[in-house]
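Data block below; observations after.
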Amino acid sequence: MPTVAVPQITVADLDPETNLATIADRLERLPHDVEVVLFPEYELTGFVADDRLRTVALDRDGPELDGLRSLAATHDVGLLAGYVERGEESGAGDGDRTGAGDADGAGEPPATDTDDRPLHNALAYVSPDGETTVYRKRHLWAAEADHLAPGSDRVVVETPVGATGLVTCYELNFVADSAAFAADRVDALFVAGAWPAAHVENWRLLLRARALDGVRWVVGAGRTGARDVAGAPSTRYAGRSTVVRPDGRVAAALGRGERDLVVDLDPDLLAEQREFIPVLDDV
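Residue 261 in this note's numbering sits at position 234 of the sequence shown, with consecutive numbering throughout.
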């Protein structure tokens, strides 16, 4: 059965180099049988609600994503990590897949201080062979909307867990999206989060609700620690990374510490629960 891991991490805001090194370090610690690893929202870049985002925004064919692809190949795992993505004037968008070494941004101008291309809250899934699928958050939270452009499409990607819907943080609240994923018959939702500690109970409840909505596994990666960047509001993050079973029970969960959550997602349990609660047949 597929084994997933969720490294719960304190993200270094505005410091992609440090964050990529942290990803590499945490991958070294994981059991060798892990097949998919989910990191939190904005794992590669962090986030502040101001124009400094342009200095750390990443290109899909840039060195940081190449670094993720290299790590996925080295460890033979699928990797999911969030980041601020520099958009394009035309071309690649939500759900586009690129192979190892592809330059899907070919023909785009290099980034400059006056680059006005849109920025996005992106979540990349990188397979062990380097194929990269990117989801752009469609429902932006609060000040995100002042600096980022929303994505346009839901994304379902095939992972070792099966058909997997990609969700980012605040989007757990949108029941219509959950219903659409149920109609897609996804086997799991992977949620990259950076939930404030003050609202941790909402996070825990919504993860369980989304598992029940579509009778599926839900894997939630929560950022921990705090944002403490000059000129930006301080935020304490909830952590509480969680895996929820298709019957809504919590399979495993963390507190706020920097630890790794490793869980087997039993396909037989998924099949049994879908037979018992035939929601997908009645959508």
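Glycine included, C-beta positions come from ideal geometry on N, C-alpha and C.
Sequence-distant residues of its chain with Cβ nearer than 8 Å to Ala130 (five each side left out): Taking the first residue of the sequence shown as position 1, residue 130 is located at position 103. Confidence is the limiting factor: at Ala130 the pLDDT is only 36, short of 50, which leaves the residue's position unreliable, though a coordinate-based value still follows. Once the five neighbours on either side are set aside, the close Cβ partners of Ala130 are Asp88.
Residue from Val153, Val111 and His174 with nearest C-alpha to Pro187: Position 160 of the sequence shown, counting from 1, holds the residue named residue 187. Nearest of Val153, Val111 and His174 to Pro187, Cα basis: Val153.
Asp295 to Ala259 span [Cα, whole Å]: As a first step, residue 295 is located in the sequence shown; it is residue number 268 there, counting from the start. As a first step, residue 259 is located in the sequence shown; it is residue number 232 there, counting from the start. The alpha-carbon atoms of Asp295 and Ala259 are separated by roughly 47 Å.
Buried versus exposed, by CB contacts within 10 Å (16 or more), Val194: Indexing the sequence shown from 1 puts residue 194 at position 167. Val194 should be labelled buried.
Span separating the alpha-carbon of Pro29 from that of Asp255: The residue you call residue 29 lines up with position 2 of the sequence shown. The residue you call residue 255 lines up with position 228 of the sequence shown. Each residue's Cα considered, the two are about 36 Å apart.
Proximal residues to Ala100 (C-beta, below 8 Å), its chain only, five neighbours per side dropped: For the purposes of this step, residue 100 is taken as residue 73 along the sequence shown, with counting starting at 1. Taken in chain order, the residues that qualify are Ala127, Pro155, Asp156 and Gly157.
Option in Arg276, Pro145, Gly252 and Ala207 with minimal Cα separation from Asp314: Beyond the ends of the chain as shown, which are 28 and 310, falls residue 314; an answer cannot be given.
The stretch 288-307 in contact with the stretch 259-276 per 3-pair CB rule at 8 Å: Flag = yes, the stretch 288-307 and the stretch 259-276 touch.
For His147, the residue or residues it bridges with in DSSP: The residue you call residue 147 lines up with position 120 of the sequence shown. Beta-bridge partners of His147 (DSSP): Glu112.
Pair within 8 Å by beta-carbon distance, Pro67 and Gly249: Position 40 of the sequence shown, counting from 1, holds the residue named residue 67. Position 222 of the sequence shown, counting from 1, holds the residue named residue 249. Yes. Within cutoff.
Residues sharing a beta bridge with Tyr162, DSSP: The residue given as residue 162 occupies position 135 in the sequence shown. Paired residues: Leu150.
Pick from Gly109, Thr72 and Ala51 that is closest to His102, judged by C-alpha positions: As a working mapping, residue 102 is identified with position 75 in the sequence shown. Checking every option, the nearest Cα to that of His102 belongs to Ala51.
Collapsed DSSP secondary structure at Phe217 in the structure displayed: Here residue 217 corresponds to residue number 190 of the sequence shown, with the count starting at 1. Note: Phe217 maps to strand in three-state DSSP.
Distance cut-off 7 Å: Leu150 Cβ against heavy atoms of the ligand GDP: The ligand GDP is not part of the structure shown, which contains no ligands of any sort.
Outcome for Glu55 when other beta-carbon atoms lying within 10 angstroms are tallied against a minimum of 16: Numbered from 1 along the sequence shown, position 28 holds the residue referred to as residue 55. With fewer than 16 Cβ atoms within 10 Å of its Cβ, Glu55 is classed as exposed.
Enclosing beta strand (DSSP E) for Gly241 [first to last residue]: By 1-based counting over the sequence shown, the position of residue 241 is 214. Here Gly241 belongs to no beta strand (DSSP E); instead the alpha helix (DSSP H) covers Val227 to Gly241.
Rounded separation between Gly220 and Glu70 - CA only: As a first step, residue 220 must be located in the sequence shown, where it is residue number 193. As a first step, residue 70 must be located in the sequence shown, where it is residue number 43. Their backbone Cα atoms lie some 9 Å apart in a straight line.
C-beta atoms of Gly109 and Asn148 nearer than 8 Å: Position 82 of the sequence shown, counted from the start, is the residue given in the question as residue 109. Position 121 of the sequence shown, counted from the start, is the residue given in the question as residue 148. Yes, they are a contact pair.
As assigned by DSSP and simplified to three states, the class of Ala206: The residue given as residue 206 occupies position 179 in the sequence shown. Assigned with DSSP and collapsed to three states, Ala206 falls in helix.
Whole-angstrom C-beta distance between Arg144 and Gly178, which should lie under 8 Å: Within the sequence shown, numbered from 1, the residue matching residue 178 stands at position 151. Within the sequence shown, numbered from 1, the residue matching residue 144 stands at position 117. With a Cβ gap of about 15 Å, Gly178 and Arg144 do not count as contacting.
Sequence-distant residues of the same chain with beta carbon closer than 6 Å to Val245, five excluded per side: The residue given as residue 245 occupies position 218 in the sequence shown. So the qualifying residues of the chain are Leu216, Leu234, Arg237, Ala238 and Val271.
Spatial distance of Pro58 from Gly94 (CA atoms): As a first step, residue 58 must be located in the sequence shown, where it is residue number 31. As a first step, residue 94 must be located in the sequence shown, where it is residue number 67. It is roughly 21 Å from the alpha-carbon of Pro58 to the alpha-carbon of Gly94.
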